[in-house]
Amino acid sequence: MLVLEIALGLLLLALSLLGAVAVRRRGLQAAGGTVELSLRLKRPGHGRGWVNGVGRFVDDELRWYRVFSLSPRPRRVLSRRTLEVVRRRAPSGAEHLALLDGAVVMECRVGDRPVELAMQPSAVTGFLAWLESRPPGATLPV
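This note's numbering applies: residue 1383 is where the sequence shown begins, and numbers increase by one.
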């Protein structure tokens, strides 16, 4: 009987966590200006290091949140003033398994630091429009 109670408790805990993640994601998307966006957190090569998330455009920032996280804070914040697109490319090798089907990889730079983003082609258009709408005097992306 004790084993059954523990299993039921663990099941309730797991369902509660999944529910909290779903509510958090819904809250992020309800505010608008969001897009499904994968970000490469590590650069080990061979398609590794990609993490699925939600990008939210807020003024001059792209705030990136992990999909499976309870944190209300973004994991990464990219400033439009320092974000520059180096090139875009199709996923290669094992990246096809890690990224959403049809994703476009945007190789970017934030200052001296390389950053790779992956998004759907329709989101690329919005992303580039957001980048190009920088205030006067800001450097334009390539």
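Just so you know, even glycine gets a beta-carbon here, dropped at the ideal spot from N, CA and C.
Distance CB(residue i)-CB(residue j) smaller than 8 Å
i     : j     : result
R1445 : V1468 : no
V1417 : G1508 : yes
P1503 : G1475 : no
Inter-residue Cα distance where the pair is residue i and residue j
i     : j     : result
L1395 : M1383 : 18 Å
L1397 : R1425 : 33 Å
V1497 : E1489 : 6 Å
G1435 : P1473 : 17 Å
L1423 : R1516 : 26 Å
W1495 : I1388 : The sequence shown places Arg at residue 1495, not Trp. In a straight line, the C-alpha of R1495 is about 47 Å away from that of I1388.
A1480 : D1442 : 28 Å
R1470 : M1501 : 11 Å
G1431 : R1458 : 14 Å
V1433 : V1506 : 18 Å
Buried or exposed by the 16-neighbour rule on C-beta atoms within 10 Å, applied to residue i
i     : result
S1420 : buried
P1456 : buried
L1390 : exposed
According to DSSP, residues forming a beta bridge with residue i
i     : result
S1420 : A1500
**Study point:** contact_flag[the stretch 1504-1517, the stretch 1459-1472] where n(CB pairs < 8 Å) is 3 or more
**Key:** Touching, yes.
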